[in-house]
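Novice: Per my numbering, residue 33 is the first one in the sequence shown, and the count goes up by one each step.
We put the beta carbon where it would ideally sit given N, CA and C, even for glycine.
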Amino acid sequence: MISPESAYRQCEAITWSAARNFAYGIRLLPHPKRQAMAALYAMARRIDDVGDGDLPGERKLAALDGLHSVIAALERGDVADPDDPVLVGVAHAAARYPIPLAALHEIVEGCEQDVRGRTYTTMDDTVRYCRLVAGSVGRLSLGVFGTRTDHRHPERRADAPRMADDLGVALQLTNMLRDIREDHRMGRIYLPEQERERFGIARGQWTPPDQVGALVEYVGGQAMIWFGRGLELLGHLDHRSRACTAAMAGIYRRLLRRIISQPTRPLSERVSLPVWEKGLVAVRSMCGLRP
33 MISPESAYRQ CEAITWSAAR NFAYGIRLLP HPKRQAMAAL YAMARRIDDV GDGDLPGERK
93 LAALDGLHSV IAALERGDVA DPDDPVLVGV AHAAARYPIP LAALHEIVEG CEQDVRGRTY
153 TTMDDTVRYC RLVAGSVGRL SLGVFGTRTD HRHPERRADA PRMADDLGVA LQLTNMLRDI
213 REDHRMGRIY LPEQERERFG IARGQWTPPD QVGALVEYVG GQAMIWFGRG LELLGHLDHR
273 SRACTAAMAG IYRRLLRRII SQPTRPLSER VSLPVWEKGL VAVRSMCGLR P
């Protein structure tokens, strides 16, 4: 069986090479929490890679069904393959922290919807998908972060998972706007058909550009509202966990502002932030400044 330390090192290598914006926040955590978050990211990445891979649809669905079984084993405290660094890392992290591993099933479910070519009629449908693939990550992360106890308002602690879920919706909506072109190449349209029709966008297409820009501005405004709700989570976290969350959210919120300011740009290129700006957000977050 691979050792937990070796497993974590391999999970961190996956995270630092593939996580991009996510990694800026994770690096602000203390070492044990950073390890746990890297293992969770590597597991989520594995699930996504199945859904986005080149296998035929039926084989993808079979592989995703197999991941449900692997996750169920982790929930029981078992590791399906003791030489698999990702599974060993997740199992060790779950023994350290109260991570709600059942949320991993939701990520798989979201990928299954992608493989089946699910379409989204209403904004509520799109938000439900966001909760599956990103709200779940927020709740998994909260298991690692933990929450501060407010003796004056103990009931607020129960609100933290909802806030983590709301922040995940904001991040995923931002991803959807940024990745319009890439998702369309894969045959995926996540923004709801009712809203696309309301803005006069051709069914199954992203034209005409001006109407697409108007929709992007509208959905961007909705995402800003979700950010406002989700960022209330910061008040429930310790300093380092707060810095991690603020860095990730701050990078995405700046990215969203950039998209809204040039709403047709995602049709021609992938909008991103320069490295210096991401670093600035991370430094501000470590200093306790709100994103």
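Take the Cβ of E301 as the centre, count every other Cβ of all protein chains shown within 10 Å, and call the residue buried at 16 or more, exposed below.
Specialist: Taking the sequence shown and counting its residues from 1, the one referred to as residue 301 is at position 269. It is exposed - the Cβ of E301 has fewer than 16 other Cβ atoms within 10 Å.
Novice: Report yes if the CB atom of C162 is closer than 8 Å to the CB atom of Q204, and no otherwise.
Specialist: On the sequence shown, position 130 is the one that residue 162 refers to. On the sequence shown, position 172 is the one that residue 204 refers to. Yes, the Cβ-Cβ distance between C162 and Q204 is below 8 Å.
Novice: What residues in its chain sit with their C-beta under 6 Å from that of V315, if we drop five residues either side in the sequence?
Specialist: By one-based count along the sequence shown, residue 315 stands at place 283. For V315, where only same-chain residues beyond five positions count, there are no Cβ hits under 6 Å.
Novice: For Q294, does the count of other Cβ atoms within 10 angstroms reach 16, so buried, or fall short, so exposed?
Specialist: Looking up residue 294 in the sequence shown gives position 262. Classification for Q294: exposed.
Novice: Whole alpha helix (DSSP H) runs in the segment 89-142 with 4 or more residues, listed along the chain?
Specialist: Correct list: 89-107 and 117-128.
Novice: Does the segment 55-65 come close enough to the segment 304-323 that 3 or more CB-CB pairs lie under 8 Å?
Specialist: Yes: the two stretches touch, three or more of their Cβ pairs being nearer than 8 Å.
Novice: Compute the Euclidean distance between the alpha carbons of E16 and D97, then round it to the nearest angstrom.
Specialist: A query on residue 16 cannot be resolved here, the shown segment of the chain reaching from 33 to 323 and no further.
Novice: Buried or exposed: S38, going by 16 or more other Cβ atoms within 10 Å of its Cβ?
Specialist: Counting from one through the sequence shown, the residue named residue 38 turns up at place 6. The residue is exposed, with fewer than 16 neighbouring Cβ atoms inside 10 Å.
Novice: Which of helix, strand or coil does DSSP assign to V303?
Specialist: As a working mapping, residue 303 is identified with position 271 in the sequence shown. The answer is coil: DSSP assigns V303 none of H, G, I, E or B.
Novice: Along the chain, where does the alpha helix (DSSP H) that runs through Q226 open and close?
Specialist: Walking along the sequence shown from the start, residue 226 turns up at place 194. It spans E225 to R230 - the alpha helix (DSSP H) in which Q226 sits, taken as one unbroken run.
Novice: Is DSSP giving C43 helix, strand or coil here?
Specialist: Along the sequence shown, read from residue 1 onward, the residue named residue 43 stands at position 11. Here C43 sits in helix by DSSP.
Novice: DSSP state of Q317, grouped into three classes?
Specialist: Working through the sequence shown from its first residue, we reach residue 317 at position 285. Contrary to the premise, residue 317 reads as Ser rather than Gln in this sequence. Here S317 sits in helix by DSSP.
Novice: What is the DSSP secondary structure of A275, reduced to helix, strand or coil?
Specialist: Position 243 of the sequence shown holds residue 275. Three-state DSSP puts A275 in a helix.
Novice: Quick check: G170 and D191, are their CB atoms within less than 8 Å of each other?
Specialist: As a working mapping, residue 170 is identified with position 138 in the sequence shown. As a working mapping, residue 191 is identified with position 159 in the sequence shown. Cβ distance not < 8 Å, so G170 and D191 don't count as in contact.
Novice: Given this structure, state the Cα-to-Cα distance separating L364 from V251, to the nearest angstrom.
Specialist: Because residue 364 is not part of the residues shown, which for the chain are 33 to 323, the question remains open.
Novice: Compare the beta carbon distance of A68 and A104 with 8 Å and say whether it is the shorter of the two.
Specialist: Your numbering for residue 68 matches position 36 in the sequence shown. Your numbering for residue 104 matches position 72 in the sequence shown. It is not a contact, given that the beta carbons lie outside the stated cut-off.
Novice: One question on the structure: do L106 and D113 come within less than 8 Å of each other, judged by their Cβ atoms?
Specialist: Position 74 of the sequence shown, counted from the first residue, corresponds to residue 106. Position 81 of the sequence shown, counted from the first residue, corresponds to residue 113. No, they are not a contact pair.
Novice: Return the chain-ordered list of same chain residues with a C-beta closer than 8 Å to the C-beta of E44, the five sequence neighbours on each side being excluded.
Specialist: For the purposes of this step, residue 44 is taken as the residue at position 12 of the sequence shown. Hits under 8 Å: R66, Q67 and A70.
Novice: Taking the alpha helix (DSSP H) that G57 falls in, what are its first and last residues?
Specialist: Working through the sequence shown from its first residue, we reach residue 57 at position 25. First-last of the alpha helix (DSSP H) with G57: N53 to I58.
Novice: Between the beta-carbon of T154 and the beta-carbon of Q226, is there less than 8 Å?
Specialist: Within the sequence shown, the letter at position 122 stands for residue 154. Within the sequence shown, the letter at position 194 stands for residue 226. Yes.
Novice: Pull up the distance between the alpha-carbon of I221 and that of H63, whole angstroms please.
Specialist: Counted from its first residue, the sequence shown places residue 221 at position 189. Counted from its first residue, the sequence shown places residue 63 at position 31. Whole-angstrom Cα-Cα distance: 38 Å.
Novice: For E229 and W308, I'd like the C-alpha separation in whole angstroms.
Specialist: In the sequence shown, the residue the question calls residue 229 occupies position 197. In the sequence shown, the residue the question calls residue 308 occupies position 276. Taking the straight line from one Cα to the other gives about 39 Å.
Novice: From this set, D242, R148 and P193, which residue's C-alpha is nearest P130's C-alpha?
Specialist: As a first step, residue 130 is located in the sequence shown; it is residue number 98 there, counting from the start. P130 has its Cα closest to that of P193, out of D242, R148 and P193.
Novice: Count the other C-beta atoms from every protein chain shown that fall within 10 angstroms of the C-beta of P224, then say buried if there are 16 or more, exposed otherwise.
Specialist: The count along the sequence shown starts at 1 and reaches residue 224 at position 192. With 16 or more other Cβ atoms within 10 Å, it is buried.
Novice: Return helix, strand or coil for A234, following the three-state DSSP convention.
Specialist: Residue numbering aside, residue 234 sits at position 202 when the sequence shown is read from its first letter. In this structure, A234 counts as coil in the three-state DSSP scheme.
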